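**Q**
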Amino acid sequence: MSITKLNETALQSWVDRLIGQHQVYGVKAKGDRFAFGPLDDAAELRLDYDVTILPPKKYFLPQSQELLKFSRRGAYQPVGEPAPFVLFGVHPYDVVAIAQMDEVFSKDNHDRHYMQRREKAVIVACDVQKASPNVFAACMGTATVQEGFDVLLTRIGDDYLADARTPKGEALLQRIEGGADPDPASLARREQLWQDLNRFLMRHELKCAPAKLPGVLDQQEEHPIWKKRAERCYSCGSCNLVCPTCYCFDVQDEVDWDLENGRRVRRWDGCMLAEFALVAGGHNFRATRAARYRHRYYRKGKYLWDRMGQIACVGCGRCVTACTADIANPVEVFNTLLEDR
Amino acid sequence: MAQNLTKSGDIYVPQIATLVRKERLTELETFFEIQLESNQPLGHRPGQFVMVSLPGLGEAPISVSSRPVGNTFELVVRRIGRLTTAMHRMEVGDKLGIRGPFGTDFPVNTFRGQDVLFICGGIGLVPVRGAILEVLANRAAYGHVAILYGTRGPSERLFVDDLARWKAREDVTFLETVDRGSDAWDGNVGVITTLIPKIEIAPERTAVVVCGPPIMYKFVLMELYQQNVPKENIYVSLERRMKCGVGKCGHCQINGLYTCLDGPVFRYADVSDVREAI
């Protein structure tokens, strides 16, 4: 696979060319923050972003996604295939999160709704240029990535290196005009940048290796931290919604106004919402905020590890920023448990 | 695992099925016999569940109550929400959607050569009935077979014909109780745990199946502990509100376990230390 060096002008014209031929989603400014959205013009693209409000999971597991169509008489029609698209500017921690979600939706019953979107997508990753206020990717081992994307863009001075790692990425690189072969100095600077990101891309420091977290959480269900911090929880589910590794959903039927046809839709749900573990008859298996709060951190640090070998926190820091009550910082939780062991 | 995928290969698209027989069992519970449009057997094992689907009303996980024989299968549904209320209004010949069968089963074949004890409370008889029928159909393969059944009152007893048959059998110990009796009731009155000391249990060679409301588990399991039944010999069926049935939606999680994939039937030894399980 090849690497191309291109300047800002060549990058812009490349992106504009892609926009002309594909549906392209990329990072744009939204007020004083950033969000993934459809790109109409390369000038909108902000590869210097720190973090997006929502993770790019919304393109694979949309907030609301049709699973099937039905008619009242009882016929169920599968939905059609999604359209191909290019996802431009995904940060490494989000690349890792997408790879984790791929496992969930491809293993143990293949979920075509998620997987077809994944197969149709070309992911252009982008190394982080600016640290967000609460990022801690360096301690989670997610500050840089070498797989899970089709092309990786890295800013080196005023230029970019575009590194294709898959045939899909290679095909995308073919469309660059005015690119050049990478010089050894740029490649060396990229190596240095990766080393720096892996050491310094953190505003909070987890005081253990991520792989130690299942052990840190083991037998700590009664630790006072759960109750203490959960006393301030609004059960709003914001931490779930902004989390790139949260994928729980609810399923509902929507009926058209003529009451003849409708669709079955899944929507993002969250384990911090009060009714998440409610069963028929009214019993709630996680009725207290403390139980829900504890569940979230166990799921991130232990349950999914036990099941699929994943630490389901990639250090993006979105939950820390989104939490009104200021209780969502996983690093604070895990460090406290670590100190008290 | 989803064994009955539709042609679309889509885990969320149900198969069409027809209601072929319907019978009201109690004020709240109705029995449904269902046939897939493909006319193929459901292919379930006792204890598994299906996702029942009605257009516009959504889906709900429902235990299969029949033995895996023939090309129809049976459900018993309590009228409790929108979907189940609509099911109760269905008529023979009406269509419904079915996904599954899903989840783990009561491994009755591994009980062969052992005594088997079934302890069911109320609607907990529904998922266990298929296992009971399976054991009784191969009665000679098992040691002593005992069935304990408790309901709140005489009017809430399910499968009364089955209960009468089991009571009449000489090769089955069948005991019943109700929490509150009535004028016509001349049987035991009291909670189900009061039945356990009335039978002889050989703890090391008895497989125990327990299914009932959450509150029942605590007391029954305590009583079984008193009787020295090892946790490895006890099987429980747990209820959670699955939204997908295929291990994705997260709703049925019990710590790291998914009720739809790892359950609903669990060996008690595997969940006794798991918080929020029982």
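Residue numbers (my numbering), protein chains in the order written: chain A, 15 to 355; chain B, 3 to 280. Ideal Cβ positions, reconstructed from N, Cα and C, are used throughout, including at glycine. Only a predicted model underlies this, so the values are computations on that prediction, with no experimental measurement involved.
Just mark Asn235 (chain B) as buried or exposed, buried being the case when its beta carbon has 16 or more other beta carbons within 10 Å.
**A** Residue 235 (chain B) sits at position 233 when you count from the first residue of the second sequence. Label assigned to Asn235 (chain B): buried.
**Q** Whole alpha helix (DSSP H) runs in the stretch 139–177 of chain A with 4 or more residues, listed along the chain?
**A** Entirely contained in the stretch 139–177 of chain A, the alpha helix (DSSP H) runs reaching 4 residues are, in chain order, 151–154.
**Q** For Gln234 (chain A), collect the residues of the same chain with a Cβ closer than 7 Å to its Cβ; drop the 5 residues on either side in sequence, then sort them by chain order.
**A** Here the question's residue 234 (chain A) lines up with position 220 in the first sequence. Once the five neighbours on either side are set aside, the close Cβ partners of Gln234 (chain A) are Leu351.
**Q** In this structure, does DSSP put Cys213 (chain B) in helix, strand or coil?
**A** By one-based count along the second sequence, residue 213 (chain B) stands at place 211. Here Cys213 (chain B) sits in strand by DSSP.
**Q** Alpha carbon to alpha carbon, what distance is there between Ala152 (chain A) and Arg213 (chain A)?
**A** Position 199 of the first sequence, counted from the first residue, corresponds to residue 213 (chain A). Position 138 of the first sequence, counted from the first residue, corresponds to residue 152 (chain A). About 6 Å.
**Q** Would you say Phe119 (chain A) faces chain B, with C-beta separation under 8 Å as the test?
**A** As a working note, residue 119 (chain A) is residue 105 in the first sequence. It does: the Cβ of Phe119 (chain A) has a partner Cβ on chain B nearer than 8 Å.
**Q** Taking C-beta pairs closer than 7 Å, name the residues in chain A that Val15 (chain B) reaches, listed in chain order.
**A** By 1-based counting over the second sequence, the position of residue 15 (chain B) is 13. Within chain A, the residues near Val15 (chain B) are Leu82, Tyr90 and Pro92.
**Q** Inspect the beta-carbon positions of Glu61 (chain B) and Phe33 (chain B) and report whether they are closer than 8 Å.
**A** As a first step, residue 61 (chain B) must be located in the second sequence, where it is residue number 59. As a first step, residue 33 (chain B) must be located in the second sequence, where it is residue number 31. Taking 8 Å as the Cβ cut-off, Glu61 (chain B) and Phe33 (chain B) do not qualify as a contacting pair.
**Q** Rounding to the nearest angstrom, what Cα-Cα distance links Ile362 (chain A) and Gln143 (chain A) in this structure?
**A** Here chain A comprises residues numbered 15 to 355, so residue 362 (chain A) is not present and cannot be evaluated.
**Q** Closest Cβ-Cβ distance between His46 (chain B) and chain A: below 8 Å?
**A** Within the second sequence, the letter at position 44 stands for residue 46 (chain B). Not one chain A Cβ lies under 8 Å of His46 (chain B).
**Q** Given that Leu263 (chain B) touches chain A, what residues does it touch there, using C-beta distances under 9 Å?
**A** Residue numbering aside, residue 263 (chain B) sits at position 261 when the second sequence is read from its first letter. The contacting residues are Asp122 and Asn123.
**Q** Looking only at DSSP bridge pairs, what is Asn190 (chain B) linked to?
**A** Here residue 190 (chain B) refers to the residue found at position 188 of the second sequence. Bridge partners of Asn190 (chain B): B:Thr179.
**Q** Is the stretch 42–54 of chain B in contact with the stretch 118–134 of chain B, if contact means three or more CB pairs nearer than 8 Å?
**A** With the cut-off at 8 Å, the stretch 42–54 of chain B and the stretch 118–134 of chain B touch.
**Q** For a cutoff of 8 Å on Cβ pairs, would you count Pro57 (chain B) as touching chain A?
**A** For the purposes of this step, residue 57 (chain B) is identified with residue 55 of the second sequence, where counting begins at 1. Yes, Pro57 (chain B) lies at the interface with chain A (some Cβ there is under 8 Å from its Cβ).
**Q** Which whole-angstrom value is the C-beta distance of Ala291 (chain A) and Asn298 (chain A), which I expect to be below 8 Å?
**A** Stepping through the first sequence from its first residue, residue 291 (chain A) is reached at position 277. Stepping through the first sequence from its first residue, residue 298 (chain A) is reached at position 284. Sure, about 6 Å apart at Cβ, within 8 Å.
**Q** Along the stretch 241–269 of chain A, where does the CB come closer than 8 Å to a CB of chain B? Name the residues.
**A** Residues passing the 8 Å Cβ filter: Tyr261, Cys262, Phe263, Asp264, Val265, Gln266, Asp267 and Val269.
**Q** When the Cα of Leu360 (chain A) is compared with those of A:Arg308, A:Pro181 and A:Trp28, which residue comes out closest?
**A** Only positions 15 to 355 of chain A appear in this structure, which leaves residue 360 (chain A) out of reach.
**Q** Since Val248 (chain B) meets chain A, which of its residues come closer than 8 Å, beta carbon to beta carbon?
**A** The count along the second sequence starts at 1 and reaches residue 248 (chain B) at position 246. What Val248 (chain B) touches in chain A: Asp122, Asn123 and Asp125.
**Q** Taking the straight line between their C-alpha atoms, what separation do you get for Pro238 (chain A) and Val231 (chain B)?
**A** Here the question's residue 238 (chain A) lines up with position 224 in the first sequence. Here the question's residue 231 (chain B) lines up with position 229 in the second sequence. Spanning the two alpha carbons is a distance of roughly 35 Å.
**Q** Under 8 Å, Cβ to Cβ, is there at least one residue of chain B near Arg132 (chain A)?
**A** The residue you call residue 132 (chain A) lines up with position 118 of the first sequence. Answer no: the Cβ-Cβ gap between Arg132 (chain A) and chain B never drops below 8 Å.
**Q** Decide yes or no for the touch test of the stretch 243–251 of chain B against the stretch 121–140 of chain A: beta carbon pairs closer than 8 Å, at least 3 of them.
**A** The stretch 243–251 of chain B, when compared against the stretch 121–140 of chain A, does touch it at the 8 Å Cβ threshold.
**Q** What does Gly276 (chain A) reach in chain B if we use C-beta pairs closer than 8 Å?
**A** Stepping through the first sequence from its first residue, residue 276 (chain A) is reached at position 262. Simply Pro57 and Gly58.
**Q** Taking Arg3 (chain A) as the reference, which of A:Pro147, A:Cys250, A:Lys241 and A:Gly276 has the closest Cα?
**A** The requested residue 3 (chain A) does not occur in the structure, where chain A is confined to residues 15 to 355.
**Q** If we count the other Cβ atoms within 10 Å of its Cβ and call it buried at 16 or more, is Val93 (chain A) buried or exposed?
**A** Counted from its first residue, the first sequence places residue 93 (chain A) at position 79. Counting Cβ neighbours within 10 Å, Val93 (chain A) comes out buried, since at least 16 surround it.
**Q** Beta carbon of Leu56 (chain B), beta carbon of Ala88 (chain B): below 8 Å?
**A** As a working note, residue 56 (chain B) is residue 54 in the second sequence. As a working note, residue 88 (chain B) is residue 86 in the second sequence. Cβ distance < 8 Å, so Leu56 (chain B) and Ala88 (chain B) count as in contact.
**Q** In this structure, how does DSSP classify Ser157 (chain B) when only helix, strand and coil are distinguished?
**A** Taking the second sequence and counting its residues from 1, the one referred to as residue 157 (chain B) is at position 155. Correct three-state label for Ser157 (chain B): helix.
**Q** What in chain B is Cβ-close to His237 (chain A), meaning under 8 Å?
**A** In the first sequence, residue 237 (chain A) corresponds to position 223, counting from 1. Ordered by position in chain B, no residue passes the 8 Å Cβ test against His237 (chain A), which lies about 13 Å from the chain.
**Q** Could you work out which residues of chain A lie near Ile18 (chain B), taking near to mean beta carbons separated by less than 8 Å?
**A** Taking the first residue of the second sequence as 1, we reach residue 18 (chain B) at position 16. Correct list: Gly88, Ala89 and Tyr90.
**Q** Assuming Leu187 (chain A) contacts Val15 (chain B) under a Cβ cut-off of 8 Å, what Cβ separation, rounded to an integer in Å, is found between them?
**A** Numbered from its first residue, the first sequence carries residue 187 (chain A) at position 173. Numbered from its first residue, the second sequence carries residue 15 (chain B) at position 13. Incorrect: roughly 38 Å between the Cβ atoms, too far for contact.
**Q** Give me the chain B residues within the contact set of His297 (chain A), using Cβ-Cβ distance strictly less than 8 Å, ordered along the chain.
**A** For the purposes of this step, residue 297 (chain A) is taken as residue 283 along the first sequence, with counting starting at 1. What His297 (chain A) touches in chain B: Pro216.
**Q** With DSSP as the reference, label Phe108 (chain B) as helix, strand or coil.
**A** Stepping through the second sequence from its first residue, residue 108 (chain B) is reached at position 106. It is coil, neither helix nor strand.
**Q** Would you mind working out which of B:Val22, B:Asp164 and B:Arg91 sits nearest Asn41 (chain B), comparing C-alpha positions?
**A** Translated into the one-based positions of the second sequence, residue 41 (chain B) becomes position 39. Nearest of B:Val22, B:Asp164 and B:Arg91 to Asn41 (chain B), Cα basis: B:Val22.
**Q** Could you tell me which of A:Asn254, A:Asp172, A:Arg217 and A:Lys44 sits nearest to Leu287 (chain A), measuring between CA atoms?
**A** Indexing the first sequence from 1 puts residue 287 (chain A) at position 273. The option with the nearest alpha carbon to Leu287 (chain A) is A:Asn254.
**Q** Starting from the C-beta of Val238 (chain B), find all residues in its chain whose C-beta is less than 6 Å away, skip the five residues before and the five after it, and write them out in chain order.
**A** On the second sequence, position 236 is the one that residue 238 (chain B) refers to. Within the same chain, Val238 (chain B) has close Cβ partners Val212, Phe268 and Tyr270.
**Q** I need the DSSP call for Gln188 (chain A), collapsed to helix, strand or coil.
**A** Taking the first sequence and counting its residues from 1, the one referred to as residue 188 (chain A) is at position 174. In this structure, Gln188 (chain A) counts as coil in the three-state DSSP scheme.
**Q** Let me check understanding here. Comparing Cα to Cα, which of B:Arg154, B:Val94, B:Ser68 and B:Lys97 lies closest to Pro215 (chain B)?
**A** Here residue 215 (chain B) corresponds to residue number 213 of the second sequence, with the count starting at 1. Checking every option, the nearest Cα to that of Pro215 (chain B) belongs to B:Arg154.
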